[in-house]
């Protein structure tokens, strides 16, 4: 912190973190958000910026097992943490069951909200493999979609949950 | 802790505390604040986690709402505080937002504050002169303003162990079912004797004045009663009487004043039911 006491010019911080299971390092300014770092420094552009105020959920990532908006996390806060993004969801060419079900149910149109919905739904199913429709709707209340009307998304999540439980 | 206090004192007025960041990052982005230094207090051990002993609970100021809501013993002891914390934002916000941040952001509509006031929560404040304890209702002095002195920040909260036959609850009114800012929020905490008569009651009121309020007259209206109709009417009248709300798109002054009383009755009824269910 001595540097910030002496210099008003923001110096870049060196951050060591884990992204989708792989060690990662980056440089960022103190005010850069994790979303800015993911997109503009690491070129992981799957996480989207919708509102930049934590209202829309398009930038959702999982930070140390917790679903968060990466637009409300500073890049420097990723130091020593574990970050999961949409890029870590598919296994190579094999889609995650949630991704597959989003396609089958046509649970997307323009697609901007989709990565956020997928990451949020993944966090839900990790915690609750058998959610009710109400639980799905409340859990996803922080993800906004202006195209689909949500119903197809909710159905896709419930269907993926059933498949992942082996039904 | 010492380093955080020093940094905040050194950069007084140009330093900002970062807890969950759900308010601060929006303000940074919008240019509403331009701090020289941002002090991330989440790494300080005293600011994280929930501890309990025979006297009650101690929660770290930066503990996320999600962690608090998942804590079975805390949720069982203070269901009203937990339901208020759980109303702050979406799942994503819950993973970051904290009770300390919700308080120190000093919004009149902060959901957790009326419930904490009703619960009799005590704030632990660290600063250059050491630590001090302050009732939670003494922290916020106006929209965006607090009584915290130079270099001070909120470290944690103490909540007592709830006595037998006690219960608390929080209700807020919003025009939707989720993701909105309170038009009115009411927290009630009360205790009953072995005959079911109310012996202790505190009412916290949010979103209808420049700060959340402790409504002492509303609590007194319940004491000595079994929350019968006249007691609830007196509670509603005392609650409405202290409202000094603004007129905005969420509600008119007259509407907010009326709803404050209605919500106080409903919240008290839930706390009463919880207290009776906790009858040993």
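Protein chains in written order, with our numbering: chain X, 71 to 237; chain F, 60 to 339.
Quick reminder that beta carbons are idealized off the backbone N, C-alpha and C, glycines included.
(request) Return the residue from the list F:336, F:307, F:319 that minimises the CA-CA distance to residue 292 of chain F. (result) F:319
(request) Give the DSSP-derived three-state secondary structure of residue 72 of chain X in the structure shown. (result) Unreliable placement is indicated for residue 72 of chain X, whose pLDDT of 46 sits below 50; no coordinate value is reported for it.
(request) Tell me, please, whether the CB atom of residue 85 of chain F is closer than 7 Å to any CB atom in chain X? (result) yes
(message) Please list, in chain order, the chain F residues whose beta carbon lies closer than 7 Å to that of residue 142 of chain X.
(response) 80, 81, 84, 155
(request) Check residue 88 of chain X in the structure and name its three-state DSSP category. (result) strand
(message) Cβ closer than 8 Å: which chain F residues qualify as neighbours of residue 100 of chain X?
(response) 97
(message) Rounded to whole angstroms, what is the Cα-Cα separation between residue 177 of chain F and residue 210 of chain F?
(response) 28 Å
(message) For the stretch 71-90 of chain F against the stretch 223-232 of chain X, do three or more pairs of beta-carbon atoms, one drawn from each stretch, fall closer than 8 Å, so that the two count as touching?
(response) no
(message) Along the chain, where does the beta strand (DSSP E) containing residue 258 of chain F start, and where does it finish?
(response) 257-265
(message) Tell me the DSSP secondary structure of residue 307 of chain F in three-state form.
(response) strand
(request) Count the other CB atoms, across all protein chains shown, that sit within 10 Å of the CB of residue 173 of chain X; report buried if there are 16 or more and exposed otherwise. (result) exposed
(message) Check this for me: beta carbons of residue 263 of chain F and residue 173 of chain F, under 7 Å apart or not?
(response) yes
(message) Distance cutoff 7 Å, beta carbons only. Does residue 122 of chain F sit that close to anything in chain X?
(response) no
(request) Output, in chain order, the set of chain F residues within a Cβ distance shorter than 7 Å of residue 103 of chain X. (result) 84
(request) Could you give the DSSP three-state label for residue 180 of chain X: helix, strand or coil? (result) coil
(message) Less than 7 Å between CB atoms is the rule here; does residue 238 of chain F satisfy it with respect to chain X?
(response) yes
(request) Give the secondary structure of residue 95 of chain F by DSSP, where H, G and I count as helix, E and B as strand, and everything else as coil. (result) coil
(request) Drop a sphere of 10 angstroms on the beta-carbon of residue 126 of chain F, count the other beta-carbons inside from all chains shown, and report buried for 16 or more, exposed for fewer. (result) buried
(request) Entirely within the stretch 271-321 of chain F and at least 4 residues each: give me those alpha helix (DSSP H) ranges in chain order. (result) 275-281, 288-300
(request) Go to residue 183 of chain F, then tell me how far its beta strand (DSSP E) extends in each direction, as first and last residue. (result) 181-186
(request) Determine the closest residue to residue 131 of chain F out of F:111, F:280, F:236, with distance taken between C-alpha atoms. (result) F:111
(message) For residue 148 of chain X and residue 88 of chain F, what's the separation of their Cα atoms in angstroms?
(response) 19 Å
(message) As a quick exercise: from F:267, F:105, F:175, pick the residue whose alpha carbon is nearest that of residue 214 of chain F.
(response) F:105
(request) Report all residues from its chain with a CB closer than 8 Å to the CB of residue 188 of chain X; omit the five preceding and five following residues, and keep chain order. (result) 156, 159, 166, 168, 169, 172
(message) Out of X:92, X:224, X:211, which one is the CA nearest neighbour of residue 125 of chain X?
(response) X:211
(request) Determine the DSSP secondary structure at residue 338 of chain F, reduced to helix, strand or coil. (result) coil
(message) By the DSSP assignment, the alpha helix (DSSP H) with residue 152 of chain F in it spans what residues?
(response) 150-153
(message) Could you give the first and the last residue of the continuous alpha helix (DSSP H) run that contains residue 100 of chain F?
(response) Note, residue 100 of chain F: premise wrong, no alpha helix (DSSP H); not H, not E.
(message) So the candidates are X:186, X:162, X:198, X:146; which of them puts its Cα closest to the Cα of residue 132 of chain X?
(response) X:186
(request) State the Cα-Cα distance for the pair residue 271 of chain F and residue 163 of chain X, rounded to the nearest angstrom. (result) 53 Å
(request) Compare the C-beta of residue 72 of chain X with all C-beta atoms of chain F and state if any pair is closer than 7 Å. (result) Caution applies to residue 72 of chain X, whose pLDDT of 46 falls short of 50 and renders its modelled position unreliable; the value that the coordinates give is listed next. No, residue 72 of chain X does not count as interfacial toward chain F.
(message) Between residue 88 of chain X and chain F, is the shortest Cβ-Cβ distance under 7 Å, so that the two count as touching?
(response) no
(message) Considering only their Cβ atoms, is the gap separating residue 326 of chain F from residue 243 of chain F smaller than 7 Å?
(response) no
(message) Looking at chain F, is there any beta carbon in it that lies within less than 7 Å of the beta carbon of residue 136 of chain X?
(response) yes
(request) Show which residues of chain F have a CB atom less than 8 Å away from the CB atom of residue 226 of chain X. (result) The contacting residues do not exist; residue 226 of chain X stays about 18 Å from chain F at best.
(message) Can you confirm whether the stretch 229-240 of chain F touches the stretch 136-145 of chain F when touching is taken to mean that 3 or more C-beta pairs between the two stretches lie within less than 8 Å?
(response) yes
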